[in-house]
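**Student:**
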Amino acid sequence: MYSRPSRLCEISHIVITADTELSSHFLSEQAAADTMRELHFKDNFWNTDITCTAGYDSIIQHLNDGKRTCKEIEDFMKARAAIEEKYAKELMGLSKKVCGHTEMNTLKRSLDVFKLQTENMSLSHLHLAQTMREEAKKLEDFREKQKEARKKVEQQMDALHKQKAAQYKKTAEAKKTYEQKCRDKEEAEQNMNRNATTSSSKQQEKLYAKTQQAKQTAEEADRIYSQNVSLLGKMREEWLNEHVKACEFFEKQEVERINTLRNVVWTHLNHLSQQCVTSDELYEEVRKSLEQCNIQEDIEHFINLRRTGDKPPAPVPYENFYNNQRSAPSRSLPTAGRRAAAPPPPTAENDPLYSTVAEPGYSLIRY
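Here full-length UniProt numbering is used: the first residue of the sequence shown is 1, the next is one more, and so on.
What follows is the structure, given as structure tokens:
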């Protein structure tokens with residue numbers, strides 16, 4: 001069993017250790033992030049071979065891939081705009097279709113709002129399609145702008161690469177010539193020294209002249225070789241500086257490209273989200289109109305507009321042929337297309353069997 005102070009010390013030690021480990025972890029992550037931020041094109045695309053352009057070619061390939069991505073997103077947005085435009089046209093045609101033209105009162109108003117907002121929805125999608133085309137055009141302009149700016153740098157670097165390669169080749173040939181001339185001079189000197197005691201004076205003069213000629217030729221080859229090395233060194237320095245500038249320029253373009261593509265997609269999604277908000281607002285107008293649709297009011301409106309009467313027809317009585325013959329001339333039921341004969345006088349003052357159209361309060365159509 002631990003005492004309370006000892007337990008508190010142990011807990012404090014654990015907390016301090018955990019804080020230390022957490023801080024070390026964050027510091028390690030920060031150091032790693034700092035290291036990542038220090039990586040640049042200009043420091044990581046070199047080659048030990050002065051004639052090799054693999055590093056530069058790798059950057060150019062990556063930039064071309066990035067340009068292709070820009071074109072793909074641009075085409076994607078144009079295709080999406082075409083879909084939105086087609087959808088808008090279909091919605092516009094749908095909004096013009098007959099929909100509830102026989103309805104009346106509050107339901108008719110709601111259906112009119114429904115069609116109107118469908119039309120507004122079509123216009124909204126048409127506007128979205130136009131906005132997408134404008135965003136795609138901006139991306140196209142950005143891609144072309146980067147292409148033109150990079151073209152100048154690439155042409156300059158390609159010229160430097162050719163000059164550097166040609167100068168290196170010339171220097172290598174000069175070195176080869178220089179080394180051969182040096183060997184020729186040494187051979188001439190050795191030949192002269194070997195024949196110094198055995199040859200005649202005239203032969204010695206020839207050997208000496210040949211040696212001097214070889215020496216002069218070697219010195220001239222040395223001068224040309226040294227001059228080419230010097231020119232190659234100057235060209236190398238120029239190429240190094242231009243390579244660094246090109247890397248910085250290409251890296252800046254790559255940063256702009258990634259940032260632009262990220263913003264383009266972000267803006268594209270914002271437009272789609274806004275379209276959802278707009279759609280919901282238009283739908284809400286229809287919902288509000290439907291809330292004002294009163295079923296009972298529409299029923300009463302129809303009744304008041306088309307009512308034909310509030311009394312049902314009287315029952316048709318049984319009439320015995322013989323009784324009617326004895327009491328009064330026979331009468332027949334009215335037929336369609338002929339005026340009905342006047343009924344006989346009622347047998348009683350309030351007999352409902354013989355109520356007539358002429359009765360007060362009886363009406364066929366009431367407005």
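Quick reminder that beta carbons are idealized off the backbone N, C-alpha and C, glycines included. Remember, it's a predicted structure, so these values are computed and weren't measured experimentally.
Using 8 Å for Cβ pairs, my map puts M104 next to F321. What's the rounded Cβ distance?
**Tutor:** Along the sequence shown, read from residue 1 onward, the residue named residue 104 stands at position 104. Along the sequence shown, read from residue 1 onward, the residue named residue 321 stands at position 321. In fact, because the Cβ distance is near 50 Å, the residues do not count as touching under 8 Å.
**Student:** For the alpha helix (DSSP H) containing I59, list its first residue and its last residue.
**Tutor:** Within the sequence shown, the letter at position 59 stands for residue 59. Residues A54 to S95.
**Student:** In three-state terms, what does DSSP make of R307?
**Tutor:** Here residue 307 refers to the residue found at position 307 of the sequence shown. Three-state result, R307: coil.
**Student:** Quick check on the DSSP output: the alpha helix (DSSP H) that includes F142 runs from which residue to which?
**Tutor:** Residue mapping note: residue 142 aligns to position 142 of the sequence shown, counting from 1. Segment N105 to R194, the alpha helix (DSSP H) holding F142.
**Student:** Taking 8 Å as the threshold, find out whether the segment 135–147 comes into contact with the segment 199–217 through three or more Cβ pairs.
**Tutor:** The answer is no - the segment 199–217 does not touch the segment 135–147, with fewer than three Cβ pairs under 8 Å.
**Student:** Check whether the Cβ atoms of V264 and V113 sit closer than 7 Å, and answer yes or no.
**Tutor:** Translated into the one-based positions of the sequence shown, residue 264 becomes position 264. Translated into the one-based positions of the sequence shown, residue 113 becomes position 113. Cβ distance not < 7 Å, so V264 and V113 don't count as in contact.
**Student:** Should the segment 255–262 be regarded as contacting the segment 64–84, the criterion being three or more beta carbon pairs within less than 8 Å?
**Tutor:** They touch, by the three-pair rule.
**Student:** Can you tell me whether K152 is buried or exposed? The criterion is at least 16 other CB atoms within 10 Å of its CB, across all chains shown.
**Tutor:** Working through the sequence shown from its first residue, we reach residue 152 at position 152. With fewer than 16 Cβ atoms within 10 Å of its Cβ, K152 is classed as exposed.
**Student:** Check this for me: beta carbons of T217 and K181, under 7 Å apart or not?
**Tutor:** As a first step, residue 217 is located in the sequence shown; it is residue number 217 there, counting from the start. As a first step, residue 181 is located in the sequence shown; it is residue number 181 there, counting from the start. Result yes, Cβ atoms of T217 and K181 sit closer than 7 Å.
**Student:** With 16 as the cutoff for other CB atoms within 10 Å, does S59 come out buried or exposed?
**Tutor:** Sequence index remark: in the sequence shown, residue 59 carries index 59 (1-based). Correcting the residue type first, residue 59 is Ile in the shown sequence and not Ser. By the neighbour-count rule (16 or more Cβ atoms within 10 Å), I59 is buried.
**Student:** Just to confirm, are R80 and M132 a CB contact at a threshold of 7 Å?
**Tutor:** The residue you call residue 80 lines up with position 80 of the sequence shown. The residue you call residue 132 lines up with position 132 of the sequence shown. In contact: R80 and M132 (Cβ atoms closer than 7 Å).
**Student:** Quick test of your reading: T171 and V229, contact by CB under 8 Å. State the CB separation rounded to the nearest angstrom.
**Tutor:** Start at 1 with the first residue of the sequence shown, and residue 171 comes out as number 171. Start at 1 with the first residue of the sequence shown, and residue 229 comes out as number 229. Going by Cβ atoms, the distance from T171 to V229 rounds to 6 Å, so yes, they are a contact pair.
**Student:** Can the beta-carbon of H125 be found closer than 7 Å to that of A88?
**Tutor:** For the purposes of this step, residue 125 is taken as residue 125 along the sequence shown, with counting starting at 1. For the purposes of this step, residue 88 is taken as residue 88 along the sequence shown, with counting starting at 1. In contact: H125 and A88 (Cβ atoms closer than 7 Å).
**Student:** Go ahead and pull the three-state DSSP assignment for W46.
**Tutor:** Position 46 of the sequence shown, counted from the first residue, corresponds to residue 46. In this structure, W46 counts as coil in the three-state DSSP scheme.
**Student:** Evaluate the contact criterion for the segment 90–99 versus the segment 270–281: three or more CB pairs, one atom per stretch, below 8 Å.
**Tutor:** Not touching, per the Cβ criterion.
**Student:** On a Cα-Cα basis, can you pick out the residue from Y168, N304 and K185 that is closest to S226?
**Tutor:** Mapped onto the sequence shown, residue 226 falls at position 226. The shortest C-alpha separation from S226 is found at Y168.
**Student:** Whose C-beta lies closer than 7 Å to the C-beta of D65 among residues of the same chain, with five residues either side of it excluded?
**Tutor:** Here residue 65 is taken as the residue at index 65 of the sequence shown, counted from 1. Contacts found: none.
**Student:** Use the C-beta contact count for Q253: other C-beta atoms within 10 angstroms, 16 or more gives buried, fewer gives exposed.
**Tutor:** Looking up residue 253 in the sequence shown gives position 253. So Q253 counts as buried.
**Student:** Please state the DSSP three-state secondary structure of N228.
**Tutor:** Here residue 228 is taken as the residue at index 228 of the sequence shown, counted from 1. Helix.
**Student:** Under a Cβ-count criterion, where at least 16 other Cβ atoms within 10 Å of its own Cβ denotes burial, should C52 be classed as buried or exposed?
**Tutor:** Stepping through the sequence shown from its first residue, residue 52 is reached at position 52. It counts as exposed.
**Student:** Three or more beta-carbon pairs under 8 Å between the segment 232–239 and the segment 38–45, yes or no?
**Tutor:** In short, these stretches do not touch, since the Cβ pair count stays below three.
**Student:** Specify the secondary structure class of V265 as computed by DSSP and reduced to three states.
**Tutor:** In the sequence shown, the residue the question calls residue 265 occupies position 265. The answer is helix: DSSP assigns V265 an H, G or I state.
**Student:** Measuring CA to CA, which of S110, L63 and L123 is closest to E90?
**Tutor:** Here residue 90 is taken as the residue at index 90 of the sequence shown, counted from 1. Answer by Cα proximity: L123.
**Student:** Would L107 pass as a contact of C293 if the rule is Cβ separation under 7 Å?
**Tutor:** Here residue 107 is taken as the residue at index 107 of the sequence shown, counted from 1. Here residue 293 is taken as the residue at index 293 of the sequence shown, counted from 1. Yes; because the gap between Cβ atoms is below 7 Å, this pair is in contact.
**Student:** Whose C-beta lies closer than 7 Å to the C-beta of K210 among residues of the same chain, with five residues either side of it excluded?
**Tutor:** As a working note, residue 210 is residue 210 in the sequence shown. Closer than 7 Å at Cβ, skipping near neighbours: A188.
**Student:** Only counting the same chain, and skipping five residues up and downstream in sequence, which positions put a Cβ closer than 6 Å to that of S282?
**Tutor:** Sequence index remark: in the sequence shown, residue 282 carries index 282 (1-based). Note on identity: in this sequence residue 282 is Leu, with Ser being the wrong assignment. So the qualifying residues of the chain are Q117, N120 and M121.
**Student:** I'd like to know whether the C-beta atoms of A129 and E85 end up nearer to each other than 7 Å.
**Tutor:** Counted from its first residue, the sequence shown places residue 129 at position 129. Counted from its first residue, the sequence shown places residue 85 at position 85. Yes, they are a contact pair.
**Student:** Taking the straight line between their C-alpha atoms, what separation do you get for Q325 and I295?
**Tutor:** Taking the sequence shown and counting its residues from 1, the one referred to as residue 325 is at position 325. Taking the sequence shown and counting its residues from 1, the one referred to as residue 295 is at position 295. Whole-angstrom Cα-Cα distance: 55 Å.
**Student:** Would DSSP call N259 helix, strand or coil?
**Tutor:** Stepping through the sequence shown from its first residue, residue 259 is reached at position 259. N259: helix per DSSP, three-state reduction.
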